[in-house]
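Colleague: Sharing a structure with you now.
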Amino acid sequence: MSPRGKMVQMKMADGAEIGVYQVQPKGARRGGLVLIQEIFGVTEHIKELSDGYADDGYEVWAPALYDREAPGLQEEYTPEGVQKCIKIARGEHPFQLSIDDTQVCINGLKGKGPVFITGYCYGGSVTWAAACKCDGLAAASGYYGGNIGQMADWQPKCPTILHFGEHDHGIPMDVVNKVKELHPDVPVYIYDAGHGFNSDRRSDYNEAAAKLGKQRTLDLFSANGG
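In this note's numbering, each number is its position in the sequence shown, counted from 1, plus 40.
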C-alpha cells in the first residue's frame with residue numbers, strides 16, 4: 041500500500057531544510073502527532089505507522105532527522121545498514137539537533153490543538169528527551185529508546201509512558217529498572233519481546249506486543265486531550 045502522505049521540506053532552527061513526512065487525519069482531527077523515526081530514516085515502515093495514526097484521527101509529522109547527513113535515508117534492516125545508521129546516529133548527527141527539530145514540528149502543529157509524540161528505537165530516545173526538554177507536548181509514548189538510561193535523571197514535563205522488550209539485548213533490564221525507580225509516576229511497560237518488536241519488518245516483531253503498545257499509546261493520547 042503506497043503512503044497517503046507526502047514529504048514536505050521544512051526549515052529547522054539551524055536554517056537547514058529537512059524533509060518531514062506529513063499525513064492528514066481521517067475523520068475528525070484528534071490532535072497533532074510528531075512521530076520519530078528509527079535509526080533507519082523515514083522508511084516505508086515509518087510512513088505506514090504515520091498513516092496508521094492518521095487513520096486514528098491524528099495529523100502526523102515525521103521529520104527525516106538525518107537529512108543533513110544522509111538526505112532521503114531509507115536504510116534496510118541489514119547488518120550493513122545498521123552499522124551505517126549507527127555511524128550517523130552516534131558520530132555524525134548531534135542528538136540535540138533531533139530535539140531541536142522535534143520542537144520545530146511541535147511548534148508547527150500546536151496552533152491546531154494538542155500535540156503528542158511517539159518514537160521507536162532512536163526515536164524512543166528522542167521522544168523521552170522531547171518529553172523532558174521540549175515545550176508544547178500534551179503526552180509522550182516512547183518505544184525501546186537505548187539512550188534513555190543516559191537521560192534517566194531527566195524529568196518529563198508531560199504525561200509519558202515507555203515501552204521496552206524484556207529480551208532486548210541492547211537495553212538491559214537493570215537500565216529499565218533504573219528508569220522505573222527514578223520515575224514512579226511514569227508507566228513503564230515490559231513486553232515478552234525483543235528490540236524493535238513494533239516493526240513488522242524486523243525479526244523481533246511481536247504482533248501482540250505491537251498491538252498492545254499501540255492501544256496504550258492511543259489511550260494515553262485520549263486521556264490527555266487527543
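Every residue, glycine too, gets a C-beta built ideally from N, C-alpha and C.
Out of Ala-250, Ser-262 and Arg-70, which has the shortest C-alpha to C-alpha gap to Gly-153?
Modeller: Position 113 of the sequence shown, counting from 1, holds the residue named residue 153. Answer by Cα proximity: Arg-70.
Colleague: Applying the 10 Å Cβ sphere with the 16-neighbour rule, what's the burial state of Ile-157?
Modeller: In the sequence shown, counting from the first residue as 1, residue 157 sits at position 117. So Ile-157 ends up on the buried side.
Colleague: Have a look at Pro-196 and Ser-243 and give me their C-alpha separation to the nearest angstrom.
Modeller: As a working mapping, residue 196 is identified with position 156 in the sequence shown. As a working mapping, residue 243 is identified with position 203 in the sequence shown. Between Pro-196 and Ser-243, the C-alpha separation is close to 32 Å.
Colleague: Please report the residue range of the alpha helix (DSSP H) in which Ser-165 lies.
Modeller: Position 125 of the sequence shown, counted from the first residue, corresponds to residue 165. Run containing Ser-165: 162-173, per the alpha helix (DSSP H) assignment.
Colleague: Going straight from the alpha carbon of Ser-165 to that of Gly-205, what length do you get?
Modeller: Stepping through the sequence shown from its first residue, residue 165 is reached at position 125. Stepping through the sequence shown from its first residue, residue 205 is reached at position 165. If you take the alpha carbons of Ser-165 and Gly-205, they lie about 15 Å apart.
Colleague: At 3 residues or longer, and completely inside the stretch 192-235: list those beta strand (DSSP E) runs for me, N to C.
Modeller: Complete beta strand (DSSP E) runs here, min 3: 200-205 and 228-231.
Colleague: Per DSSP, which one or two residues make a beta bridge with Ser-262?
Modeller: Position 222 of the sequence shown, counted from the first residue, corresponds to residue 262. DSSP lists no partner for Ser-262.
Colleague: According to DSSP, simplified to helix, strand and coil, what is Ser-138?
Modeller: Residue 138 sits at position 98 when you count from the first residue of the sequence shown. If DSSP states are grouped into helix, strand and coil, Ser-138 belongs with the helices.
Colleague: I believe Ala-178 touches Thr-200 by the beta-carbon criterion, under 8 Å. Please report the beta-carbon distance rounded to the nearest angstrom.
Modeller: Stepping through the sequence shown from its first residue, residue 178 is reached at position 138. Stepping through the sequence shown from its first residue, residue 200 is reached at position 160. Ala-178 to Thr-200, Cβ: 11 Å. No contact.
Colleague: Taking Cβ to Cβ, would you say Leu-89 is nearer than 9 Å to Phe-261?
Modeller: If you number the sequence shown from 1, residue 89 lands on position 49. If you number the sequence shown from 1, residue 261 lands on position 221. Against a cut-off of 9 Å, the Cβ pair of Phe-261 and Leu-89 comes out as no contact.
Colleague: When you measure from the CB of Ile-188 to every non-hydrogen atom of the ligand NAD, does any distance come out below 8 Å?
Modeller: Among the components modelled here there is no ligand, and therefore nothing to report on the ligand NAD.
Colleague: In angstroms, rounded to a whole number, what distance separates the CA positions of Asp-95 and Tyr-162?
Modeller: Looking up residue 95 in the sequence shown gives position 55. Looking up residue 162 in the sequence shown gives position 122. Cα-Cα distance, rounded: 24 Å.
Colleague: Could you check where the beta strand (DSSP E) with Gln-49 kicks off and where it finishes?
Modeller: The residue you call residue 49 lines up with position 9 of the sequence shown. Counting along the chain, the beta strand (DSSP E) containing Gln-49 begins and ends at 46-51.
Colleague: Since Gly-189 and Lys-220 should fall inside the 8 Å C-beta cutoff, what is the C-beta to C-beta distance between them, to a whole number of angstroms?
Modeller: Locating residue 189 in the sequence shown gives position 149, counting from the first residue. Locating residue 220 in the sequence shown gives position 180, counting from the first residue. The Cβ separation is near 11 Å, so there is no contact.
Colleague: Just to check my reading of the structure: Arg-108 and Ala-56 have Cβ atoms closer than 8 Å, yes? What is that Cβ distance to the nearest angstrom?
Modeller: The residue labelled residue 108 in the question sits at position 68 within the sequence shown. The residue labelled residue 56 in the question sits at position 16 within the sequence shown. Confirmed, Cβ separation roughly 5 Å.
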